[in-house]
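Below is one structure, written out as structure tokens; the observations come after it.
Numbering (my numbering), first residue to last: 32 to 614.
Now the structure itself:
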């Protein structure tokens with residue numbers, strides 16, 4: 032009772048602080064529509080990456096294998112395409128404007144030349160003795176004029192190319208400076224050196240000037256070539272070509288929990304995909320058919336950047352109306368959720384005996400599906416959100432290639448194998464967990480916990496409508512700024528992160544319970560503090576949970592002390608929120 036006045040004073044202070052932010056909007060829910068999506072043109076992307084591989088004598092299979100093993104090759108290609116498409120019209124205007132000016136100048140020059148030639152001809156005709164000399168002089172004049180025209184054309188082309196380069200580089204510099212300093216989306220382009228781009232284009236002389244469209248298209252072809260010199264060298268350094276591919280074997284799902292077992296996902300841009308075949312051969316020789324086709328659309332880069340920013344600020348986002356309903360229904364059918372039985376684990380185990388089901392708390396069942404034949408039926412569903420994973424969890428270190436190689440060698444590179452490169456980094460992303468969570472009536476409320484105390488991203492795919500009373504999840508916004516004691520952050524950084532969390536608490540109250548339906552997904556930082564709530568209705572609900580982690584930071588990324596401290600912090604936040612209602 033003695034502490035109640037102090038609690039009242041403390042909560043009064045918190046209330047006053049929160050009044051300052053009462054009108055501030057929080058971008059956690061993303062209500063998506065067609066403006067947020069990009070229809071995947073697999074033919075266009077395949078031709079682009081094929082052209083790049085032919086230019087540098089790189090087997091396209093190497094890039095495809097990397098993209099299928101959670102390396103962000105397809106995300107980088109989509110990002111570059113977004114940059115190109117945004118500037119295409121501006122560059123076309125530059126070419127049209129310059130060609131118009133050049134045509135006016137050339138017409139003026141030609142009229143002057145014609146007048147000079149006519150005067151020469153009239154004077155030459157008056158003198159019959161010098162006719163041969165006059166013919167020779169006319170021929171020389173014509174040759175000089177043609178040479179001058181060629182020189183003028185080359186000069187005009189170089190001037191247009193220079194203006195296009197200046198426009199493009201200025202745009203990129205402004206674009207990158209406007210991004211959040213901690214934005215991971217541009218991680219792979221931050222150290223590219225654009226100072227040699229103009230020289231690269233002028234020396235290669237591959238920009239075609241026949242038409243405006245060809246001028247712009249070939250300019251972008253060369254831009255892709257310049258960028259992929261930088262990317263391919265860094266891909267090699269970051270072990271994208273030489274990573275050890277795990278030989279996948281079908282074993283009991285309880286084995287190798289949280290470890291990389293060689294799971295793959297078809298890259299969402301269709302790199303090196305020759306047909307639309309969905310048959311996959313098991314190690315045992317059994318064929319199966321994917322029930323989920325390749326994604327026909329993905330989030331565009333602008334939306335991915337907004338989501339990445341919100342994830343960095345709040346630690347969680349909810350994407351509304353994201354997935355096609357018919358694909359969610361197919362997944363539910365494969366998981367036997369259409370049956371009336373409360374316990375579906377016998378059906379799943381009968382379908383694949385490697386599936387492992389447990390009940391860690393009352394009324395809450397987890398079926399571990401990762402590396403099972405059941406999960407392979409809907410692997411492609413990840414294609415819809417995997418570019419968000421790549422944006423939030425960047426891989427590798429990207430260095431300025433001109434610091435390591437001679438400029439001329441880079442500018443005239445036509446065979447990637449001519450470079451003496453070794454792999455310096457050895458890290459990758461992988462799917463560390465896939466489980467079906469079934470929340471039954473009167474289930475027990477979980478303790479506060481995190482999925483990974485070091486790093487990672489979790490995606491929840493609700494398979495029913497879920498709200499606060501039906502056994503939802505409670506997240507504490509801003510707690511992703513904390514991390515495990517294993518993460519050797521400086522004390523100064525920890526204090527700074529704590530101040531950010533306190534400010535986020537004033538803004539949001541921290542506690543957040545999302546309301547979601549079947550087409551929605553929840554994405555959150557694996558470091559965020561959360562728990563599962565009790566299901567107070569007489570209807571069960573189910574969700575698929577995907578977790579992505581770095582191979583160097585496998586889950587759980589925490590020790591016993593971390594687990595106790597996370598639970599303590601969660602209880603403290605809950606107590607403050609409870610007292611705030613009554614004091």
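Using N, Cα and C, we set each Cβ at its ideal position, and we do this for glycine too.
Option nearest residue 479 by Cα separation, candidates 571, 570, 604 and 455: 604
Requested in this report: Write down every uninterrupted run of the alpha helix (DSSP H) in the region 55 to 129 whose length is 4 residues or greater and which is fully enclosed by it, in chain order.
Outcome: 73 to 87 and 91 to 99
Does the contact criterion of 3 or more C-beta pairs under 8 Å hold for the region 397 to 407 versus the region 283 to 300? yes
- request: May I ask you to report which of helix, strand or coil DSSP gives residue 294?
  value: coil
**Study point:** residue 219 - DSSP class collapsed to helix/strand/coil
**Key:** coil
- Task: Per DSSP, which residues does residue 480 bridge with? Please list them.
- Result: 561
- Task: With distances taken Cα to Cα, identify the nearest neighbour of residue 199 among 476, 110, 225 and 379.
- Result: 225
Self-check item: Nearest-angstrom Cα separation, counted from residue 428 out to residue 524
Solution: 22 Å
- residue 417 and residue 281 closer than 8 Å at C-beta: no
| said: Between which residues of its own chain and residue 322 is the CB-CB distance below 7 Å, once the five residues before and five after are set aside? | reply: 361, 365, 408 and 409
* Asked: So what's residue 568 in DSSP terms, helix, strand or just coil?
  -> coil
| Spatial distance of residue 395 from residue 471 (CA atoms) | 6 Å
What span of residues does the alpha helix (DSSP H) with residue 228 cover, start to end?
228 to 235
**Item:** residue 188 versus residue 197 - alpha carbon distance
**Value:** 14 Å
Assigned exposure category for residue 52 - 16 Cβ within 10 Å defines buried
exposed
Worksheet item: What's the C-alpha gap between residue 195 and residue 505?
Response: 51 Å
Out of 120, 575 and 389, which has the shortest C-alpha to C-alpha gap to residue 30? Any question about residue 30 goes unanswered here, given that the chain covers just 32 to 614.
For this session: State yes or no: is the C-beta of residue 502 within less than 8 Å of the C-beta of residue 542?
Result: no
Margin query: Report the CB separation of residue 433 from residue 441 in whole angstroms; it is logged as a contact under 8 Å.
Written below: 6 Å
message = In the DSSP assignment, the alpha helix (DSSP H) including residue 380 goes from what residue to what residue?
response = 376 to 382
I need the straight-line Cα distance from residue 59 to residue 124, nearest angstrom please. 39 Å
- Message: On the DSSP bridge list, what partners appear for residue 488?
- Response: 556 and 579
Practice item. Only counting runs of 4 or more residues, tell me where the alpha helix (DSSP H) segments fall wholly within the region 327 to 407, in order along the chain. Key: 332 to 345, 356 to 365 and 376 to 382
Terminal residues of the alpha helix (DSSP H) in which residue 442 lies:
438 to 442
### Message
When you compare the CB positions of residue 411 and residue 551, do they come within less than 8 Å of one another, or not?
### Response
no
Notebook entry, point to check: If we count Cβ pairs, one from each stretch, closer than 8 Å, do we get three or more for the region 216 to 234 versus the region 250 to 259?
Noted result: yes
Can you tell me whether residue 527 is buried or exposed? The criterion is at least 16 other CB atoms within 10 Å of its CB, across all chains shown. exposed
query = When burial is assigned at 16 or more other CB atoms within 10 Å of the CB, is residue 205 buried or exposed?
reply = exposed
C-beta contact flag for residue 247 and residue 359 at 8 Å:
no
Taking its Cβ as the centre, do 16 or more other Cβ atoms sit within 10 Å of residue 535, making it buried, or is it exposed?
buried
Task: DSSP three-state assignment for residue 547, whether helix, strand or coil - done: strand
- Message: Just to check my reading of the structure: residue 425 and residue 218 have Cβ atoms closer than 8 Å, yes? What is that Cβ distance to the nearest angstrom?
- Response: 4 Å
Check your understanding: Once you ignore the five residues that flank residue 88 on each side, which residues in its own chain have a CB closer than 8 Å to its CB?
Key -> 445, 446, 447 and 448
Query raised in the report: Can we say the region 481 to 497 touches the region 576 to 587, given the rule of at least three CB pairs closer than 8 Å?
Result: yes
**Request:** Report yes or no: do the region 374 to 388 and the region 582 to 590 share at least 3 C-beta pairs separated by less than 8 Å?
**Result:** no
Q. Taking the alpha-carbon positions, what's the residue 309 to residue 99 distance?
A. Because the pLDDT of residue 309 is 48, which lies under 50, any placement of that residue in the model is unreliable, and the number read from its coordinates should be weighed accordingly. About 15 Å.
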